[in-house]
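Asker: Residue numbers (full-length UniProt numbering): 1 to 425.
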RNA sequence: GGAGGGAUGGCAGAGCGGUUGAAUGCACCGGUCUUGAAAACCGGCGUAGGCUAAUAACCUACCCAGGGUUCGAAUCCCUGUCCCUCCGCCA
């Protein structure tokens, strides 16, 4: 959520910045709601004050043994007036909140302007795509022969956009997960966490999935409103919801390996082949809760933490800065890491690292207190994949495939696979 | 699933429906005293919104959440959530 104070200031400027990312702000409506809200609030508080004063007077009179009947008569209609004022105020507040909670974050000044992913700006590349002297297979074909990767079976068990992994591929998947988690905890200083895979609406509102993007989520069919997490960013970032953290515990660096569930509504027909786009995939997520002054340093650092995994796995990739039009709802700045896929001869997203500044923190009232400062301040929140395990698996399979259909295992990963140098599929 | 108990400020813990944003203790901050420290004593010590030049004063809200009763609710009633204990079941 944007700062309400900002929305009382230079609205034209806010609208201009939001327009950069393709969001049209209805300035008039916002101003109207704001004025209305303020008037109703003043009015309501005036009535509340009057009620409080008179009630106190009645209490006093009663204590002195005076007759309170005439005093009661004076307040007879106050209750009704107050009730109707409260209802009007609540209505105005709700309208205002609906509008404001649907506004995306302002892009950071360094974010390139653009409409689609084609306008993203490449920051750098690492590694060189391999030259193959045999016909490259994609991960689907690599896994199909042996049956170690089975989409038909998953379709029978559940439906489209699921996978069954078996044998060496299942083990490789697990090895990658453990490897990533170990790097993030042992080398990059994140605290390993285990979190619920279902969260409530408050958590989803806090990170910005709700109210606008509910259709991307799997909602459980019960009254509690639980949803399956689309990313561990949701539970991890919400650690700080309704908290005032001591400055000494910052930066708080959290990581978790979880499955992620996404309905992929609106992407019918996109990436229907293979593991690229699934309803369920595993991810090692990094989250940092930091002081505002350090959030952009932390962003660069986290990008490095994600890059370290790709480098260790000898996977060529590039980093792009997302343009204003391609960024997520809550992000002020986002880097995507795109790994080379030889079967597609292109780079595909494997990690996304974002600084949300105080946008999520404001939605979830996540604050910290500096011992020298009187008032608590909003945290800055960052999240990044480190990395998406499923996509990483297929990147390893495809990039390190051999003519005989086997896959060589990058050296740092071998300890996680009992020391083997290649997997026969 | 059944039966009970509970939720109050950073923590602990009071609180007959009436001037209670809330006693008291601890912690914390400032001060006095002291060579210094401790102790003692004095003072301060929540969050958010409104109004403001103001992080001043004032006003409003908040004692798990949402409803209700009342002139007035931390206190009474209803619903929900969470926690604890016992029984049953279960990984």
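All C-beta atoms in this analysis are idealised placements derived from N, C-alpha and C, irrespective of residue type, glycine included. Only a predicted model underlies this, so the values are computations on that prediction, with no experimental measurement involved.
#1: Under 8 Å, with one C-beta from each stretch per pair, do the region 380–387 and the region 132–144 reach the 3-pair mark?
#2: Is it the case that the region 364–384 contacts the region 230–243, given that we only count it when at least three CB pairs across the two stretches are under 8 Å?
#3: Given 8 Å as the limit, is there contact between the region 15–22 and the region 72–84, that is, 3 or more CB pairs closer than that?
#4: Restricting to runs no shorter than 4 residues, where is the alpha helix (DSSP H) found entirely within the region 301–372?
#5: Return the CA-CA distance between residue 186 and residue 116, expressed in angstroms with no decimal places.
#6: State the beta-bridge partners of residue 259 as determined by DSSP.
#7: Using 8 Å as the threshold, is the region 181–196 in touch with the region 229–236, meaning 3 or more CB pairs across them?
#8: Using only the alpha-carbon positions, how far apart do residue 220 and residue 369 sit?
#9: Straight-line CA distance for residue 204 to residue 210?
#10: What are the start and end residues of the beta strand (DSSP E) that includes residue 431?
#11: Residue 246: which of 373, 96, 34 sits nearest, CA to CA?
#12: Note down the Cα distance separating residue 10 from residue 346, rounded to an integer number of angstroms.
#13: So, are the CB atoms of residue 152 and residue 166 less than 8 Å apart?
#14: From this set, 350, 330, 327, which residue's C-alpha is nearest residue 337's C-alpha?
#15: Apart from the five residues on each side of it in sequence, which residues of its chain come closer than 8 Å, Cβ to Cβ, to residue 402?
#16: Verify whether the separation of the beta carbon atoms of residue 325 and residue 105 is less than 8 Å.
#17: With DSSP as the reference, label residue 246 as helix, strand or coil.
#18: Would you grab the beta carbon distance between residue 428 and residue 348 for me? Rounded to a whole angstrom, and I think it's under 8 Å.
#19: With a floor of 4 residues, list each alpha helix (DSSP H) that falls wholly inside the region 38–79, ordered by position along the chain.
#20: Starting from the Cα of residue 380, find the closest Cα among 315, 343, 298, 371 and give me that residue.
#21: Expressed to the nearest angstrom, what Euclidean distance is found between the alpha-carbon atoms of residue 99 and residue 16?
#22: Thinking C-beta only, is residue 285 closer than 8 Å to residue 308?
#23: Cα separation between residue 226 and residue 85?
#24: Which residues bound the beta strand (DSSP E) around residue 124?
#25: Thinking C-alpha only, which one of 199, 36, 377 is nearest residue 261?
#26: Start and end of the alpha helix (DSSP H) containing residue 13?
#27: Closest by CA to residue 341, which one among 108, 91, 131?
#28: Taking the Cβ atom as the reference point for each residue, do residue 121 and residue 107 lie within a distance shorter than 8 Å?
#29: Give the DSSP-derived three-state secondary structure of residue 252 in the structure shown.
#30: Mapping the DSSP letters down to three states, classify residue 198 as helix, strand or coil.
#31: Can you tell me where the beta strand (DSSP E) holding residue 192 begins and where it ends?
#32: Distance check for residue 301 and residue 334, CA to CA, integer angstroms please.
#33: Please classify residue 399: is it buried, with 16 or more other beta-carbons within 10 angstroms of its beta-carbon, or exposed?
#34: Round the Cβ separation of residue 429 and residue 295 to the nearest angstrom and send it over; I've been treating them as touching at under 8 Å.
#35: Who are the Cβ neighbours of residue 145 in its own chain at under 8 Å, not counting the five residues just before and after it?
#36: Based on the DSSP secondary-structure assignment, which residues constitute the bridge partners of residue 100?
Answerer: Concretely, from the data shown:
#1: Contact fails: fewer than three Cβ-Cβ distances are below 8 Å.
#2: Output reads yes: the region 364–384 touches the region 230–243.
#3: As far as the Cβ criterion goes, the region 15–22 does not touch the region 72–84, which means the pair count is below three.
#4: Listed in chain order, the alpha helix (DSSP H) runs fully inside the region 301–372 are 359–364, counting runs of at least 4 residues.
#5: Their backbone Cα atoms lie some 37 Å apart in a straight line.
#6: Beta-bridge pairing links residue 259 to 282.
#7: The region 181–196, when compared against the region 229–236, does touch it at the 8 Å Cβ threshold.
#8: Straight-line Cα distance between these residues: approximately 37 Å.
#9: Looking at the two C-alpha atoms, the distance is approximately 5 Å.
#10: Shown here, the chain extends from 1 to 425; a query on residue 431 therefore has no answer.
#11: The option with the nearest alpha carbon to residue 246 is 373.
#12: Spanning the two alpha carbons is a distance of roughly 43 Å.
#13: Cβ atoms of residue 152 and residue 166: not closer than 8 Å.
#14: Residue 337 has its Cα closest to that of 350, out of 350, 330, 327.
#15: Shown here for residue 402: same chain residues with a beta carbon closer than 8 Å to its own, the five before and five after excluded, namely 408, 422 in chain order.
#16: The answer is no: Cβ separation not under 8 Å.
#17: Look at residue 246 here: in three-state DSSP terms it is strand.
#18: Since the first and last residues shown for the chain are 1 and 425, residue 428 lies out of range.
#19: The region 38–79 contains these whole alpha helix (DSSP H) runs: 69–74.
#20: Minimum Cα distance to residue 380 is reached at 298.
#21: Approximately 17 Å between the Cα atoms of the pair.
#22: Residue 285 is positioned such that its CB atom lies no closer than 8 Å to that of residue 308.
#23: Residue 226 and residue 85: Cα-Cα distance of roughly 34 Å.
#24: Note, residue 124: beta strand (DSSP E), 121–126.
#25: The shortest C-alpha separation from residue 261 is found at 199.
#26: Taken as a continuous stretch (DSSP letters only), the alpha helix (DSSP H) holding residue 13 covers 11–20.
#27: Looking only at 108, 91, 131, the smallest Cα-Cα distance to residue 341 is reached by 131.
#28: Their beta carbons are not under 8 Å apart, which means residue 121 does not touch residue 107 by this criterion.
#29: Residue 252: strand per DSSP, three-state reduction.
#30: Secondary structure of residue 198 (DSSP, three-state): strand.
#31: From DSSP, the beta strand (DSSP E) with residue 192 extends over 191–193.
#32: C-alpha of residue 334 to C-alpha of residue 301: approximately 13 Å in a straight line.
#33: Buried is the call here.
#34: As displayed, the chain neither begins before 1 nor continues past 425, which places residue 429 out of reach and without an answer.
#35: Cβ contact annotation for residue 145 (same chain, cutoff 8 Å, sequence separation greater than five): 405, 425, in chain order.
#36: Beta-bridge pairing links residue 100 to no other residue.
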